[in-house]
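For reference, the structure is listed below as C-alpha cells.
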Amino acid sequence: MLILARKKEESLIINGNIEIKVLEASDGKVKLGIIAPKDVEVHRKEVYEKILSENQESVNGVQAIRKLINSKKKTSE
Numbered sequence: 000m001l002i003l004a005r006k007k008e009e010s011l012i013i014n015g016n017i018e019i020k021v022l023e024a025s026d027g028k029v030k031l032g033i034i035a036p037k038d039v040e041v042h043r044k045e046v047y048e049k050i051l052s053e054n055q056e057s058v059n060g061v062q063a064i065r066k067l068i069n070s071k072k073k074t075s076e
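Take a look at the structure:
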C-alpha cells in the first residue's frame with residue numbers, strides 16, 4: 000500500500016489518466032474529486048463489494064439451473 004499525504008486542492012495521478020483531488024477535509028472526513036475516463040468504473044468499496052456479491056449470486060443461480068436442466072435431461076433419456 001502506498002500512503003501519501005495531500006492537502007486541500009492537491010491531487011495525485013494514477014496511470015497517467017486518473018486524477019484524485021482532495022476537495023475538502025474536516026471533521027474526520029475527506030471529500031475527494033475523481034476525474035477518470037468514461038470507460039473506467041469508479042465505485043465506493045461497499046458498493047463494489049455488493050456488485051461482486053450479486054454477480055456471484057447470479058452465477059450460482061445460473062449454475063443451479065443448468066444442473067437442474069441436465070439432471071432432467073438424464074432422467075428423461
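When the letters of the sequence shown are read in order and numbered with numbering that gives the first Met the number 0, they come out as residues 0 to 76. Every residue gets a Cβ at the ideal spot worked out from N, C-alpha and C, and that includes glycine.
8 Å Cβ cutoff met for residue i and residue j
{"i": "LEU31", "j": "LEU22", "result": "yes"}
{"i": "ASN16", "j": "PRO36", "result": "yes"}
Same chain, Cβ closer than 6 Å to residue i, neighbours up to 5 away in sequence not counted
{"i": "LYS20", "result": "SER10, GLY32"}
{"i": "ILE34", "result": "GLU18"}
Simplified DSSP assignment, three categories, for residue i
{"i": "ALA24", "result": "strand"}
{"i": "ALA63", "result": "helix"}
{"i": "ILE68", "result": "helix"}
8 Å CB neighbourhood of residue i in its chain, flanking five on each side removed
{"i": "TYR47", "result": "none"}
Same chain, Cβ closer than 7 Å to residue i, neighbours up to 5 away in sequence not counted
{"i": "LEU3", "result": "LEU11"}
{"i": "LYS6", "result": "VAL21"}
(request) Starting from the N-terminal side, write out each stretch of the alpha helix (DSSP H) that is 4 residues or longer and does not extend beyond the segment 6 to 50. (result) DSSP assignment within the segment 6 to 50 yields no whole alpha helix (DSSP H) run of 4 residues or more.
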